[in-house]
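Undergrad:
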Amino acid sequence: MARKLQSIRGIHDGLPAEVAKWCNIEDVARKVFASHGVSEVRLPILEPTSLFVRSVGEETDIVSKEMYAFEDQGGDHICLRPEGTAGAVRAYLQAGLTRAGAQRWFYMGPMFRRERPQKGRLRQFQQIGVEWFGVAGPVADVELLSMAQRFLNALGIEETRLEINSLGCIECRPTYHQMLVAYLQTCREQLCATCNERIEKNPMRVLDCKNKACQEQLTDAPEMVGHCCQACDTHFTGLKTGLDALGVSYTVNPRIVRGLDYYNRTAFEFVTDQLGAQGTVLAGGRYDGLVESLGGTATNAIGFAAGMERLEMLLADLKGHQLDVVVASLGDASLAYSLRVADALRQQGLAVVHAGGGAAKRQFKIADREKSRFVVVIGDDELAKSGLMLKDLATGKQDFYVLDDAIQVLSGVSMIE
RNA sequence: GUGGACGUAGCUCAAUUGGUAGAGCCUCGGCUUGUGAUGCCGGUGGUUGAGGGUUCAAGUCCCUUCGUCCACCCCA
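In the working numbering, the protein residues as written are -2 to 414.
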């Protein structure tokens, strides 16, 4: 079939079955996050392009190749946000909250990156993000991670594992960088072409190269966790101790790296092997320097983002009723009455659709297809007695009720959220 | 951006060396104008993703393009 009009590549429609799962994820997020005192914020989808150049990093692919950036009619350079953290920091500063104490925020919404689409990767995708500002010690890291773990558990996603690492800070990372580059130079010949580029651009990226030949060369490579300064080391130890105390299981993976420039110290990922190459379901870390680099006073911060579509793929399709009642009317005489019955049931909070009359068989099939729990049959008899025939589709039982009694029976049975 | 696989009915898929585009499911109607299954009968539904080329003849071969999927890259 010719598709003359279609959505843009990598930008998909959210249809009812999918949106139902998103709503479920959002409900769980709101509930779990609220128990940690985290409040929802709604931030702009359009931001100044310079915001991401300054925060995410000019050299990152996200900024240099993947942003939907353009000049608007007034000549301003604006873009569709490729991620949420930078905008959150901007909003935090713009609202003047640097002296307002800790801020714990979450948001959900679309992000945009012009990548080649594949499994778990779209050009418009949804993220649920959490950003905590003004929280310094490792206790915040511990609580954020245990919250993330509880979020996944509450969704019923059990098969992820948590990997953590420390990325060091501006004190210790430069030294480590030099060591790493020096090491990589020694085996440069054996590393793949991409890794050779990474030595210049982002040497830590070599550590998580997927190429086996590269990984073989890296067995003796220096790791950040072994070369942290005292303060970073203490922080990382505090994180591990806290996770142990809460029974949050994790593995230290010294090869975890962050793609965005603003991260320091704690980096973490919840990963699964059920999503092919896009196995990261939820990831984040500390970004203590970002607020300052965007013009604010030095403010510690930590956060994460989870990909909605990736979470969704780990969830089973939702079952359950879409409707409480389908009203089937038989014969012209009772049609008006049946419409009024349908409306009366709706006023009781039930989800009701009128099947439109016609053959009883057809109307029952509609009820099945629309996943209704009950069918109310109304014909001449029911009209004459001012009542209705109520059939439970699961059990097949049906009984006659006068309208008030039927409402009584049906009250509180709504299966629809 | 690179490499590969794939686009035929609403869905899942057939169609021999190039030779009349089909099936199952779904849907709608009938058998049955008061009941969901099954059965039987019938109907709707296609410019074979789009555009161009080769040929007497193209779903099939060639080119272009759009899209989907997988991996690289990157990342949630």
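Every residue, glycine too, gets a C-beta built ideally from N, C-alpha and C.
Everything numeric in this text was worked out from a predicted model, so none of it was measured.
Once you ignore the five residues that flank Phe397 on each side, which residues in its own chain have a CB closer than 7 Å to its CB?
TA: Spatial neighbours of Phe397 in its own chain (CB-CB distance under 7 Å, excluding positions within 5 residues in sequence) are listed in chain order as Gly384 and Met386.
Undergrad: Spatial neighbours of Leu94 within its chain, please: C-beta separation below 6 Å, excluding the five flanking residues on both sides.
TA: Gln100
Undergrad: CB-CB under 7 Å to Ser408, same chain, minus the five flanking residues each way: which ones, in chain order?
TA: Contacts found: Gln345.
Undergrad: Measure the beta-carbon distance from Leu48 to Gly81 and round it to whole angstroms, keeping in mind my assumption that it falls under 8 Å.
TA: Actually they do not touch by this definition, with Cβ atoms about 11 Å apart.
Undergrad: Would you list the residues sitting across from Phe265 in a DSSP beta bridge?
TA: Ile161 and Gly281
Undergrad: I believe Leu164 touches Tyr260 by the beta-carbon criterion, under 8 Å. Please report the beta-carbon distance rounded to the nearest angstrom.
TA: That pair is a contact at about 6 Å.
Undergrad: For Gln227, report the span of its alpha helix (DSSP H) as first-last.
TA: Gln227 to Leu243
Undergrad: Among Phe148, Val406 and Ser246, whose alpha-carbon lies nearest the alpha-carbon of His33?
TA: Minimum Cα distance to His33 is reached at Phe148.
Undergrad: Taking Lys394 as the reference, give the member of Arg51, Leu380, Trp129 and Val374 with the closest Cα.
TA: Val374
Undergrad: Taking the alpha carbon of Gln271 as the reference point, which residue from Glu156, Tyr180 and Leu204 has its own alpha carbon closest?
TA: Glu156
Undergrad: Going along the chain, which residues of its own chain have a beta-carbon closer than 8 Å to the beta-carbon of Val432, five neighbours each way excluded?
TA: Any property of residue 432 remains undetermined from this structure, which presents the chain solely from -2 to 414.
Undergrad: So who's on the other strand from Ile299, going by DSSP bridges?
TA: Trp129 and Arg283
Undergrad: Would you give the residue range spanned by the beta strand (DSSP E) that Cys76 belongs to?
TA: Counting along the chain, the beta strand (DSSP E) containing Cys76 begins and ends at His74 to Leu77.
Undergrad: Which residues in the same chain have their Cβ closer than 7 Å to the Cβ of Ala137, if we skip the five residues on either side of it in sequence?
TA: Trp129 and Ile299, listed in sequence order.
Undergrad: In three-state DSSP terms, what is Ser246?
TA: In the three-state scheme derived from DSSP, where H, G and I count as helix and E and B as strand, Ser246 is classed as coil.
Undergrad: Might you give, ordered along the chain, the residues of its own chain that have their beta carbon closer than 6 Å to the beta carbon of Glu160, omitting 5 neighbours on each side?
TA: Thr248, Asn250, Ile253 and Glu266
Undergrad: Rounding to the nearest angstrom, what Cα-Cα distance links Gly131 and Glu289 in this structure?
TA: Rounded to the nearest angstrom, the two C-alpha atoms are 12 Å apart.
Undergrad: Starting from Ala179, trace the alpha helix (DSSP H) in both directions and tell me its first and last residue.
TA: Arg170 to Thr183
Undergrad: Is it buried or exposed for Ile154, if we count other Cβ within 10 angstroms and need 16 for buried?
TA: Result: buried.
Undergrad: State the DSSP-derived secondary structure class of Pro13, mapped to helix, strand or coil.
TA: helix
Undergrad: I'd like the span of the beta strand (DSSP E) that includes Glu68, first residue to last.
TA: Note, Glu68: beta strand (DSSP E), Ala66 to Glu68.
Undergrad: Grab me the residues of Asp343's own chain with a C-beta within less than 6 Å of its C-beta, minus the 5 sequence neighbours each way, in chain order.
TA: A small correction: the amino acid at residue 343 is Arg; Asp does not occupy that position in the sequence shown. Exclusion of the five residues before and after Arg343 leaves Val349 as the residues of its chain whose Cβ lies within less than 6 Å of its Cβ.
Undergrad: Does the distance from the CB of Gly282 to the CB of Ala302 come in under 8 Å?
TA: At least 8 Å separates the beta-carbon of Gly282 from that of Ala302.
Undergrad: Cβ atoms of Pro107 and Ile75: under 8 Å apart, would you say?
TA: For Ile75 and Pro107, no; Cβs fall outside 8 Å.
Undergrad: Is the distance from the Cβ of Asn297 to the Cβ of Asp314 below 8 Å?
TA: no
Undergrad: I'd like to know whether the C-beta atoms of Thr357 and Ala325 end up nearer to each other than 8 Å.
TA: Note that residue 357 is Ala in the sequence shown here, rather than Thr. Yes.
Undergrad: Exposed or buried, what is Asp365 when buried is set at 16 or more other beta-carbons lying within 10 Å of its beta-carbon?
TA: exposed
Undergrad: Measure the C-alpha to C-alpha separation of Gly11 and Arg111 and round it to an integer number of angstroms.
TA: 19 Å
Undergrad: So what does DSSP say about Asp396, is it helix, strand or coil?
TA: strand
Undergrad: Going residue by residue through the stretch 319 to 399, where are the continuous alpha helix (DSSP H) segments of at least 4 residues, counting only ones entirely within it?
TA: 332 to 343, 357 to 366 and 377 to 381
Undergrad: Run through DSSP, which three-state label would Leu43 get?
TA: strand
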